[in-house]
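Heads up: the structure comes next, in structure tokens.
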Amino acid sequence: MPDTILVVVEQREGKLNRVSFETLTAAQAMTAETGWTLEAAVIGSNIDSVAQEIAKVKVAKVFAIESPQLERYTADAYVGALKQFISTKQPKLVLMPHTYQVRDFAPQLAASLGRTLISDAIGYRKDGAKIVFTRQMFQGKFAADVSFACDPPHFATFQAGSFRGDKVEIGASAAPIEKVAAQVDATSIRVKPLDIFKEAKQAVDLTQAEIIVSVGRGIKEQKNIEIAKALADALGGEIAASRPICDSGWLPMDRQIGSSGQTVAPKLYLALGISGAIQHIVGMKGARSVVAINKDAEAPIFEIADFGVVGNLFDIVPVLTEEVKKAKAGQ
Amino acid sequence: MIFRTPLSNIDRPQMEADVVIVGGGPAGMACALRLSQLIDAHNSRNAESPLSKENIYVLEKAREVGQHCLSGALLDPRSMRELLPGFEKDAPLDAEVGKEAVYFLTEKSKFKFPITPPPMRDHGNYVISINKFVKWLGEKVEQAGITVFTGFAGSELLVEDNRVIGVRTDDKGVDRQNQPKSNFEPGYDLKAKITILCEGPRGSLTKQLIGRFNLDKNRNPQTYGVGVKELWELPPDRIAPGEVIYTLGWPLTTHEYGGAWIYGSKDNIVSLGFVTGLDYKDPRLDPHHVMQTFKTHPFVRELLDGGKMIRYGAKSLPYGGWFAIPPLAGDGWMITGDSAGFLNSQRLKGIHLAIKSGMLAAETAYEALVDGNFSAHQLGSYQNRVEKSWIREELWKVRNFHQGFEKGMIEGMFHTAVQQITLGRGLHDRYAAHAGHKRLEHIGSLPAGGYGREQLLGPAKGNGKLTFDKLTDVYHSGTKHEEDQPIHLVIHDTDICNTRCTVEYGNPCQHFCPAKVYEMVEASDVPAGKQIQVNFANCVHCKTCDIMDPYQIITWVPPEGGGGPNYDGM
Numbered sequence: 442m443p444d445t446i447l448v449v450v451e452q453r454e455g456k457l458n459r460v461s462f463e464t465l466t467a468a469q470a471m472t473a474e475t476g477w478t479l480e481a482a483v484i485g486s487n488i489d490s491v492a493q494e495i496a497k498v499k500v501a502k503v504f505a506i507e508s509p510q511l512e513r514y515t516a517d518a519y520v521g522a523l524k525q526f527i528s529t530k531q532p533k534l535v536l537m538p539h540t541y542q543v544r545d546f547a548p549q550l551a552a553s554l555g556r557t558l559i560s561d562a563i564g565y566r567k568d569g570a571k572i573v574f575t576r577q578m579f580q581g582k583f584a585a586d587v588s589f590a591c592d593p594p595h596f597a598t599f600q601a602g603s604f605r606g607d608k609v610e611i612g613a614s615a616a617p618i619e620k621v622a623a624q625v626d627a628t629s630i631r632v633k634p635l636d637i638f639k640e641a642k643q644a645v646d647l648t649q650a651e652i653i654v655s656v657g658r659g660i661k662e663q664k665n666i667e668i669a670k671a672l673a674d675a676l677g678g679e680i681a682a683s684r685p686i687c688d689s690g691w692l693p694m695d696r697q698i699g700s701s702g703q704t705v706a707p708k709l710y711l712a713l714g715i716s717g718a719i720q721h722i723v724g725m726k727g728a729r730s731v732v733a734i735n736k737d738a739e740a741p742i743f744e745i746a747d748f749g750v751v752g753n754l755f756d757i758v759p760v761l762t763e764e765v766k767k768a769k770a771g772q
Numbered sequence: 018m019i020f021r022t023p024l025s026n027i028d029r030p031q032m033e034a035d036v037v038i039v040g041g042g043p044a045g046m047a048c049a050l051r052l053s054q055l056i057d058a059h060n061s062r063n064a065e066s067p068l069s070k071e072n073i074y075v076l077e078k079a080r081e082v083g084q085h086c087l088s089g090a091l092l093d094p095r096s097m098r099e100l101l102p103g104f105e106k107d108a109p110l111d112a113e114v115g116k117e118a119v120y121f122l123t124e125k126s127k128f129k130f131p132i133t134p135p136p137m138r139d140h141g142n143y144v145i146s147i148n149k150f151v152k153w154l155g156e157k158v159e160q161a162g163i164t165v166f167t168g169f170a171g172s173e174l175l176v177e178d179n180r181v182i183g184v185r186t187d188d189k190g191v192d193r194q195n196q197p198k199s200n201f202e203p204g205y206d207l208k209a210k211i212t213i214l215c216e217g218p219r220g221s222l223t224k225q226l227i228g229r230f231n232l233d234k235n236r237n238p239q240t241y242g243v244g245v246k247e248l249w250e251l252p253p254d255r256i257a258p259g260e261v262i263y264t265l266g267w268p269l270t271t272h273e274y275g276g277a278w279i280y281g282s283k284d285n286i287v288s289l290g291f292v293t294g295l296d297y298k299d300p301r302l303d304p305h306h307v308m309q310t311f312k313t314h315p316f317v318r319e320l321l322d323g324g325k326m327i328r329y330g331a332k333s334l335p336y337g338g339w340f341a342i343p344p345l346a347g348d349g350w351m352i353t354g355d356s357a358g359f360l361n362s363q364r365l366k367g368i369h370l371a372i373k374s375g376m377l378a379a380e381t382a383y384e385a386l387v388d389g390n391f392s393a394h395q396l397g398s399y400q401n402r403v404e405k406s407w408i409r410e411e412l413w414k415v416r417n418f419h420q421g422f423e424k425g426m427i428e429g430m431f432h433t434a435v436q437q438i439t440l441g442r443g444l445h446d447r448y449a450a451h452a453g454h455k456r457l458e459h460i461g462s463l464p465a466g467g468y469g470r471e472q473l474l475g476p477a478k479g480n481g482k483l484t485f486d487k488l489t490d491v492y493h494s495g496t497k498h499e500e501d502q503p504i505h506l507v508i509h510d511t512d513i514c515n516t517r518c519t520v521e522y523g524n525p526c527q528h529f530c531p532a533k534v535y536e537m538v539e540a541s542d543v544p545a546g547k548q549i550q551v552n553f554a555n556c557v558h559c560k561t562c563d564i565m566d567p568y569q570i571i572t573w574v575p576p577e578g579g580g581g582p583n584y585d586g587m
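Chains A and B supply the protein sequences, listed in that same order.
Per this note's numbering, the first sequence starts with residue 442, numbered consecutively.
Per this note's numbering, the second sequence starts with residue 18, numbered consecutively.
Have a look at this one:
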């Protein structure tokens, strides 16, 4: 049997986390270089639709690991189920997206099998028979090469935005889905999850947003944020900000982009009145297209912008919003 | 704005300790190591009455040992040879000094001093990374069985009946309103028989101690400089490992005190930095700008061409010398290293003195533990030890050095020459000194333009290759703080900032802070139209604000332990 790479995708309440496609893209590239087989696993309960969605991707097989005990996420149940599955399957490499959930259970999973986890990698390369992973150090200033010295199965996770989820290869026909009934002992679960709730202020996960409209100090006053919000709404995107805006309390902290906030990689990032200090840039440099509007032609944001407008955002943004609305209405 | 203050009315865990060493830098680590050596020797002589090392603790506010240590750095090995004979074989020494030069710079040219002045001769010294060096010392301390609490700061001195009875550590998990969060952990009350302050320059507990017991009485006020440092990686063979260059002059005028260092380390790494005396007159002067301008001198530009800046940092250093050193010991306490002011400002070296003073404090603490006596009288023998040691010998020769420069470089050179032939005395037995912040002049009395100081005033712009704006440099300090905590730069009256200071000094905090912590932002409800904003998360723990603020209304207190710069490799 050839070596396999197993990608464990992430779902919550039957909804696939898009970042899983990034991990699949990475795994597809790896299999192309190594000749290994790519398989995917979905874990949970009532996950048929997620399994079918993954089966469209070019993978050899999709495993749907199910148990009623897996309906609500707990680290113990996930570790129990995945440990059984991985011990039997013995894949060479297990890849996962570096999500909050994975951060919670993956160390325990790797340790329970006496293996090592390379977490939050941003890339990889093949070096002879070995896969070498790249991890960031000193806040992204340096990159370290790391590889496994232990026996397989090896575990690794990739940082969101490291690979292009939309570049995932779709299979010629749907991959077979194999259901696996996981044996999870209810007494082994030490955590009792309560009902899932959203924070009253509707915490956002900006890492999932495809379009982000971000404001900086150039917005001048809190009430002007509405101008940017109108544009975000018209585009169907999220509003975000650089540090001074969140420091002033004009937007909540969870909307802050940068080294002390979120790291995002949307398809489109509009920077309105953001000068582009390095602390902000590190949080959004993975964006596919960056559009910057700033009065100061020398603002560093223009160095990384794909499209730059030197001008007053208060003149430009309302007009832009109207044009976006018109264009959308015309569709 | 809500500022950090230890929470009151809460139960705090108590812990008994024999000795608490506050600060794990060269002084603190040398102190811990020497104490361990003495206890080991004692225990092998007195097997029936051994002393324990279990209750000796080092507190270090950095997440890891050495991360808040910043210096040039050159090490004079004298004290290390006493502490660990043969240490050279084992210690991380980057290069032995092999070549040295001193230059006087003008805007376009440089003039080499025909001979290197004796105090700046560095043969036999080593280029080190103080971060790596202290990390190495820290390992020795831990191997010796002494506990180092990293990520814990001393936030308050515990005083009872005029005796120092220990230290309170920082409260963890406090939000920006000064309210406990779900992860709240109150600071510990470490009840110590002896508290040894090794906090570095302008220590926050040292400041409390000096204030409480008027330890600055009959002393010269301490004076300081701030060193702004960058680490660069250069193309090969630009500068030899162990090559040392000092410069005087440009971009400063003859009225500001300061100069630059350039040290060649191994692996094509060069340490360069500029120390600006914190006793300049123009409140618009920006020490970070001075450093950026310095790099544009043809001589430096050529050296750095094609290289890459990899790290940044800033730290204050005490210049005041012998007459500014406070009493060194009292009931339950001792002060060492830069906290006491053990720095030779003529040689720009203090690491060897910090180590030596830490060792002498350890010898005193050991005797006190054996005698079971922790009184001012007993611990006062530390003062005698220092006065009989080569620390005094070295500092006495330069006792009037920095004061000689109060009226500028020309007079300073004259005084230095006279002091040189009078064994350090000069024209007076004791030259007076003035606190640097008192020498700031009102902006109204200064010319509006640059008057030949354009290169020093206001923010540096930076071209992204050779020169950098402040925020870019701050990014390279790796500084990081828990965001949801109260502001640790405690401003006692922000009204002064927004009104008086704006008019009188133009808010010099924006300029002297090398980390862009202080900003004046537009606001509609204050008369001057701008109000102060404190970006505390940028702080690199240099203490310049505490030192240089003209109204002395800023108190630097430690933020939640673990926060601060990351000076790995610096």
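C-beta: ideal position from N, C-alpha, C; glycine also.
Keep in mind that this is a model prediction, so the values were computed, not measured.
Chain B contact residues for residue i, given Cβ-Cβ distances below 8 Å
i: residue 719 of chain A; result: 488, 489 and 492
Contact set between residue i and chain B, taken where Cβ atoms lie within less than 9 Å
i: residue 701 of chain A; result: 497, 498, 500 and 554
Opposing strand residues paired with residue i [DSSP bridges]
i: residue 350 of chain B; result: B:212 and B:347
i: residue 132 of chain B; result: DSSP, once it has assigned bridges, lists no residue as partnering residue 132 of chain B.
i: residue 480 of chain A; result: A:447 and A:502
i: residue 74 of chain B; result: B:37 and B:164
i: residue 4 of chain B; result: For residue 4 of chain B there is no data in the structure shown, the boundaries of chain B being 18 and 587.
i: residue 635 of chain A; result: None, per the DSSP bridge assignment.
i: residue 186 of chain B; result: B:171
Where residue i falls: helix, strand or coil (DSSP)
i: residue 363 of chain B; result: coil
i: residue 515 of chain A; result: coil
i: residue 507 of chain A; result: strand
i: residue 152 of chain B; result: helix
i: residue 147 of chain B; result: helix
i: residue 394 of chain B; result: helix
i: residue 197 of chain B; result: strand
i: residue 761 of chain A; result: helix
i: residue 306 of chain B; result: helix
i: residue 729 of chain A; result: coil
i: residue 326 of chain B; result: strand
i: residue 441 of chain B; result: coil
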